[in-house]
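Before any comments, here is the structure.
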Amino acid sequence: GAGVSQSPSNKVTEKGKDVELRCDPISGHTALYWYRQSLGQGLEFLIYFQGNSAPDKSGLPSDRFSAERTGGSVSTLTIQRTQQEDSAVYLCASSFQPTGSYNEQFFGPGTRLTVL
Amino acid sequence: RKEVEQDPGPFNVPEGATVAFNCTYSNSASQSFFWYRQDCRKEPKLLMSVYSSGNEDGRFTAQLNRASQYISLLIRDSKLSDSATYLCVVNMDPNTDKLIFGTGTRLQVFP
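These protein sequence lines are chains A and B, in that order. Note that the first sequence covers residues 764 to 879 in my numbering. Note that the second sequence covers residues 2 to 112 in my numbering.
Okay, here's the thing in structure tokens:
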């Protein structure tokens, strides 16, 4: 079956522009996560959606970052007024999350963002 | 102190060698532990979960020491295809599946 997909795979933008990154999770997965991975760094948690609950935005680095998940499926991560330090690979993951048990997160291939 | 710490390596080992990676975590309330594998320019993929009693999957053995807040991964009979970055991952919040990733340990297996 189809895995997590992300688009675009690569994005080059100029400093100060806004960008939107898209994630299509695996069908039926209720939880969706955004992470970013800077060069030589580990994955940094950004935001987490679970069903209809309010998202956990505790990892967003600034108010220039926002994300939404429409209809419990597709998610968009928006970065406004991009800065060079925003350059990274942005990874989306999804999982099927019944209450009380950990479920494997499946990652998409990521969007490589370069801010010039 | 980082929440999850790993030696970044690289570990350069010959085929057939046994290699061990270690990881420490800061939150004693952490519930779940994992090793993920990430190939160059690819997404992370779950290698194995780590259970309190220790667990083995073929050539891979994972162990957890809660008292020392320490996780390990042992790879026996290394293959060229084992070359990758191994990420130590901890779930610190039992109410969510939010994961905290270490920066990874890079393994290079040479012929």
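Cβ atoms here follow ideal geometry from the backbone N, Cα and C, with glycine treated the same way.
Apart from the 5 residues on each side of it in sequence, R844 (chain A) sits with its Cβ closer than 6 Å to the Cβ of G779 and R827 in its chain, given in chain order. Closest by C-alpha distance to A851 (chain A), out of A:S768, A:T793, A:L879 and A:P788, is A:L879. The three-state reading of DSSP puts T841 (chain A) in strand, counting E and B together. In the structure shown, E831 (chain A) falls within a strand segment according to DSSP collapsed to helix, strand and coil. Close partners of E44 (chain B) in chain A (Cβ separation under 7 Å): L854, F870, G871, P872 and G873. Three or more Cβ pairs closer than 8 Å define a contact, and the segment 783 to 802 of chain A meets that threshold against the segment 766 to 775 of chain A. Using a CB distance cut-off of 8 Å, E848 (chain A) does not count as an interface residue toward chain B.
A distance of 8 Å or more separates the beta carbons of D98 (chain B) and Q800 (chain A).
In this structure, the CA atom of A30 (chain B) is about 22 Å from the CA atom of Y796 (chain A).
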